[in-house]
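**Student:** Have a look at this one.
Structure, rendered in structure tokens:
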């Protein structure tokens with residue numbers, strides 16, 4: 172019990188204030204350098220799209236080696252759609 176109280180006090184008196192100071196310093200810098208932050212954000216977005224294109228294997232809904240035993244799909248049709256039309260939509 173005493174160890175938990177010491178840990179909580181340490182967190183509240185040392186770790187949390189240090190984290191808040193670091194966060195405030197970073198936030199003040201980011202607000203003072205908005206252009207740099209925006210350029211970095213756009214660069215990270217472009218890099219992520221590029222990396223996805225290079226390293227992605229595409230979207231695989233059903234792996235070829237594991238056939239699905241059950242498939243659930245939600246299909247919505249306008250109210251009043253005939254049953255045979257709805258049946259054709261889901262096949």
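In my numbering, the protein residues as written are 172 to 262. Think of the CB as a built atom: it goes at the ideal place given N, C-alpha and C, for glycine as much as any other residue.
#1: Of all the beta strand (DSSP E) runs that stay within the bounds of the region 201–256, which reach a length of 3 or more residues?
#2: Would you say residue 219 and residue 208 are within 8 Å of each other, going by their C-beta atoms?
#3: Can the beta-carbon of residue 241 be found less than 8 Å from the beta-carbon of residue 248?
**Tutor:** Judging by the given coordinates:
#1: Counting only runs of 3 or more residues that sit fully inside the region 201–256, no beta strand (DSSP E) segment turns up.
#2: Not a contact, by the Cβ cut-off of 8 Å.
#3: Taking 8 Å as the Cβ cut-off, residue 241 and residue 248 do not qualify as a contacting pair.
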